Amino acid sequence: VDRAAPCPQRAQDCLAWDDFERADGPIDDAPSGQTWVTTSLSCATCRPVFSIRDGRALMSPSAEDISIWLAMVDTGRATGLEVSATITLSPTPLRANVGLVALFVDRDNHLTCKLEMSEGHPDGLITIGEQLGGRTTSLLAERDGIGLRSGSAYRLAITVPRTPSEHPISCTVSGSGLGQKTVSLMPSGESIAAYGDGTAQGLRIKIFNDEDDGRSTWDDFLVRPI
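Start counting at 1 in the sequence shown, then tack on 41, and there's your number in the numbering used here.
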């Protein structure tokens, strides 16, 4: 793998990484050499304000009527990998909806894993969801009441096996006294056909009145082969 800078924590075989440890301002390229590409779920030409503040990445809306925002890097590899990040949930009580993306083909076809704290899920929720042909399904696999805390940092990871038609995709959260909580999914044949070859991975947030308030952050980002 060609890299513009060494991988963090001596993970020399990583596919992409970003520690966001640089000056405050807009985010363009990852230290691993890929360009961050941003979009929204409901508008092909809309881009979030994707920036660094105090060594953390955050996304802010650029349009009031759009809630789900994405930032992606393309590693050229779809399966046999783990996508992970340290995520700090918004300190605002019950206002977090933030996570990761894998198997990204386009904004209409990809896989997601998220953490949520809201009035409907006050003790925290982890889910695997998807965009399939432009249709959102948020709860393909879920685990509620997992013990998340507002303002706390957690490690979130999506594991995509080499053959997701034969082995499940998993999403795991750990940290801050939580232990380890995992949900798993065997994707459908329709899903694999739609986004099984997606070679981009990245970040996702839903900013809305009763969802995230935009204060959740990504403290680092890593894609590594498994």
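From the three backbone atoms N, C-alpha and C, an ideal C-beta is built for every residue, glycine too.
Just so we're clear, the structure is a prediction, and the values are computed from it rather than from any experiment.
With contacts defined by Cβ atoms closer than 8 Å, Tyr-195 and Val-214 form a contacting pair.
Here the alpha carbons of Ala-119 and Leu-189 stand approximately 30 Å from one another. Going by DSSP, Glu-231 is part of the alpha helix (DSSP H) stretching over 230–236. In the three-state reduction of the DSSP assignment, Asn-138 falls in the strand class.
Boundaries of the beta strand (DSSP E) around Trp-58: 57–59. A Cβ-Cβ distance of about 6 Å is found for the pair Ile-68 and Ser-92, placing them in contact under the 8 Å criterion. For Gln-172, the beta-bridge partners assigned by DSSP are His-151, Thr-177. Ranking Ser-83, Ala-98, Val-90 by CA distance to the CA of Asp-60 puts Ala-98 first.
With contacts defined by Cβ atoms closer than 8 Å, Thr-168 and Ser-179 form a contacting pair. Contact check for Arg-176 against Ala-85 fails: the beta carbons are separated by 8 Å or more. Non-local C-beta neighbours of Arg-203 in its own chain, meaning closer than 6 Å and more than five positions away in sequence, comprise Thr-120, Gly-121, ordered along the chain.
In the DSSP assignment, Leu-226 forms a beta bridge with Ile-210. For a cut-off of 8 Å, the C-beta gap from Asn-150 to Gly-239 is around 7 Å, short enough to register as a contact. Taking C-beta separations shorter than 6 Å and ignoring five residues to either side along the sequence, the partners of Leu-244 in its chain run Ala-112, Trp-259, following chain order. For Gln-242, the beta-bridge partners assigned by DSSP are Val-114. Bounds of any beta strand (DSSP E) do not take in Arg-88, whose DSSP letter is neither H nor E. Just so you know, the alpha carbons of Met-227 and Gly-170 end up roughly 12 Å apart. CA-CA distance, Glu-183 to Ile-248, rounds to 20 Å. Taking a 10 Å sphere around the C-beta of Ser-229, we find fewer than 16 other C-beta atoms and assign the residue as exposed. By the Cβ-count criterion, Glu-62 is exposed, with fewer than 16 other Cβ atoms from all chains shown falling within 10 Å of its own Cβ. In the DSSP assignment, Arg-97 forms a beta bridge with Arg-94.
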